[in-house]
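**Q** Protein chains in written order, with this note's numbering: chain F, 1 to 113; chain W, 1001 to 1113.
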Amino acid sequence: NAGVTQTPKFQVLKTGQSMTLQCAQDMNHNSMYWYRQDPGMGLRLIYYSASEGTTDKGEVPNGYNVSRLNKREFSLRLESAAPSQTSVYFCASTRITGGTEAFFGQGTRLTVV
Amino acid sequence: DQQVKQNSPSLSVQEGRISILNCDYTNSMFDYFLWYKKYPAEGPTFLISISSIKDKNEDGRFTVFLNKSAKHLSLHIVPSQPGDSAVYFCAAKTTSGTYKYIFGTGTRLKVLA
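Laid out in structure tokens, this is it:
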């Protein structure tokens, strides 16, 4: 049982380049999330998808777009990468009912130079 | 505005002793709280949770206490083991309306052998 799988694990981009971070879960979860982790800032929510076909902004959505491709997959796109987007990105998923824990992927370490 | 705060960035404890990690929150609408453990180069993993209708939840060596009047929760690890060395995040959410988890900045626990 793979859980939440993120690709790639590492990426270096030049300023202005674009890329898409992929996330897939095999737990039949309805809700999916993208977080970024920065030193001293904890985990901050970028975007989330409460259910297939819906997406909403989190705390720090600027510079990002998302697509909930189907129930399993939730991608995060950087259209024009900036050094401020250097971070570790985590995808997570939960069952739709409240009061449940989120399951996280292993993370993508992104460096923008 | 940091709604979930972990004021101690780091904590060192001797093996076999108790580790106490603290977390404060400001939003009185939060009604579900979670603790996650994170090892380097891995995603956060769920440890233990507590609903606002309880003041204590225990799972093996881990106990979470919730003081709603003080808007404070704590994680107790007894006895502490070297394998517990990790970064611990507390998180809070509301179980109605949105599905957003708000995380604290984390506390790095080091258990000394």
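Glycine is no exception: its CB is placed at the ideal position from the N, C-alpha and C atoms.
In angstroms, rounded to a whole number, what distance separates the CA positions of F/Gly98 and F/Ala50?
**A** Residue 98 of chain F sits at position 98 when you count from the first residue of the first sequence. Residue 50 of chain F sits at position 50 when you count from the first residue of the first sequence. Any reading at F/Gly98 must be qualified, since the residue scores a pLDDT of 47, below 50, and its modelled position is unreliable; the value itself is stated next. Each residue's alpha carbon lies about 11 Å from the other.
**Q** Please return the same chain residues whose Cβ sits closer than 8 Å to the Cβ of W/Ile1091, not counting the five positions on each side in sequence.
**A** By one-based count along the second sequence, residue 1091 of chain W stands at place 91. Inspection of the sequence shows that residue 1091 of chain W is occupied by Ala rather than by Ile. Within the same chain, W/Ala1091 has close Cβ partners Val1004, Phe1033, Leu1034, Trp1035, Tyr1036, Tyr1101, Ile1102, Phe1103 and Gly1104.
**Q** For W/Asn1022, which residues in the same chain have their Cβ closer than 6 Å to its Cβ, ignoring the five residues on either side in sequence?
**A** Here residue 1022 of chain W is taken as the residue at index 22 of the second sequence, counted from 1. Same-chain partners within the cutoff: Ser1074.
**Q** I'd like to know whether the C-beta atoms of W/Ile1053 and W/Phe1062 end up nearer to each other than 8 Å.
**A** Looking up residue 1053 of chain W in the second sequence gives position 53. Looking up residue 1062 of chain W in the second sequence gives position 62. No, they are not a contact pair.
**Q** Where does F/Ser84 sit, in a helix, a strand or coil, going by DSSP?
**A** Within the first sequence, residue 84 of chain F is the residue found at index 84, counting from 1. DSSP places F/Ser84 in helix when its eight states are reduced to three.
**Q** According to DSSP, is W/Ile1084 helix, strand or coil?
**A** If you number the second sequence from 1, residue 1084 of chain W lands on position 84. In the sequence on display, residue 1084 of chain W carries Asp and not Ile. Three-state DSSP puts W/Asp1084 in a helix.
**Q** Leaving out five residues on either side along the sequence, give the residues of the same chain with a beta carbon under 6 Å from the beta carbon of F/Thr7.
**A** Translated into the one-based positions of the first sequence, residue 7 of chain F becomes position 7. Answer for F/Thr7: Gln22, listed in chain order.
**Q** Kindly say whether W/Thr1105, judged by its beta-carbon, lies nearer than 8 Å to any beta-carbon of chain A.
**A** Protein chains in the displayed structure are F and W, and chain A is not among them.
**Q** Beta carbon of F/Thr86: closer than 7 Å to some heavy atom of the ligand NAP?
**A** This structure lacks the ligand NAP; in fact it carries no ligand of any kind.
**Q** Please state the DSSP three-state secondary structure of F/Thr20.
**A** Counted from its first residue, the first sequence places residue 20 of chain F at position 20. If DSSP states are grouped into helix, strand and coil, F/Thr20 belongs with the strands.
**Q** Can you list, in chain order, the stretches of the beta strand (DSSP E) that have 3 or more residues and sit fully within the segment 20 to 69 of chain F?
**A** 31 to 38, 42 to 49 and 64 to 68, all fully within the segment 20 to 69 of chain F.
**Q** What is the rounded straight-line gap between the Cα of F/Gly42 and the Cα of F/Lys14?
**A** Position 42 of the first sequence, counted from the start, is the residue given in the question as residue 42 of chain F. Position 14 of the first sequence, counted from the start, is the residue given in the question as residue 14 of chain F. Near 25 Å, if we compare the C-alpha coordinates of F/Lys14 and F/Gly42.
**Q** Alpha carbon to alpha carbon, how far is W/Tyr1088 from W/Ile1077?
**A** For the purposes of this step, residue 1088 of chain W is identified with residue 88 of the second sequence, where counting begins at 1. For the purposes of this step, residue 1077 of chain W is identified with residue 77 of the second sequence, where counting begins at 1. Looking at the two C-alpha atoms, the distance is approximately 11 Å.
**Q** With a cut-off of 8 Å, does the C-beta of F/Phe90 fall near any C-beta of chain W?
**A** On the first sequence, position 90 is the one that residue 90 of chain F refers to. With 8 Å as the cut-off, F/Phe90 counts as an interface residue toward chain W.
**Q** Just reading off the beta strand (DSSP E) that W/Phe1030 is part of, what are its end residues?
**A** Numbered from 1 along the second sequence, position 30 holds the residue referred to as residue 1030 of chain W. Taken as a continuous stretch (DSSP letters only), W/Phe1030 belongs to no beta strand (DSSP E), as it is neither H nor E.
**Q** According to DSSP, is W/Glu1042 part of a helix, a strand, or is it coil?
**A** Reading the second sequence from its first residue, position 42 is the one you call residue 1042 of chain W. Of the three classes helix, strand and coil, the one that applies to W/Glu1042 here is coil, per DSSP.
**Q** I'd like to confirm the pairing. Which residues does DSSP put opposite W/Leu1109 in its beta bridges?
**A** Locating residue 1109 of chain W in the second sequence gives position 109, where the first residue counts as 1. Looking at the DSSP assignment, W/Leu1109 forms a beta bridge with W/Leu1011 and W/Ala1086.
**Q** Does the beta-carbon of F/Arg68 have 16 or more other beta-carbons within 10 angstroms, so that it is buried, or is it exposed?
**A** On the first sequence, position 68 is the one that residue 68 of chain F refers to. The residue is buried, with at least 16 neighbouring Cβ atoms inside 10 Å.
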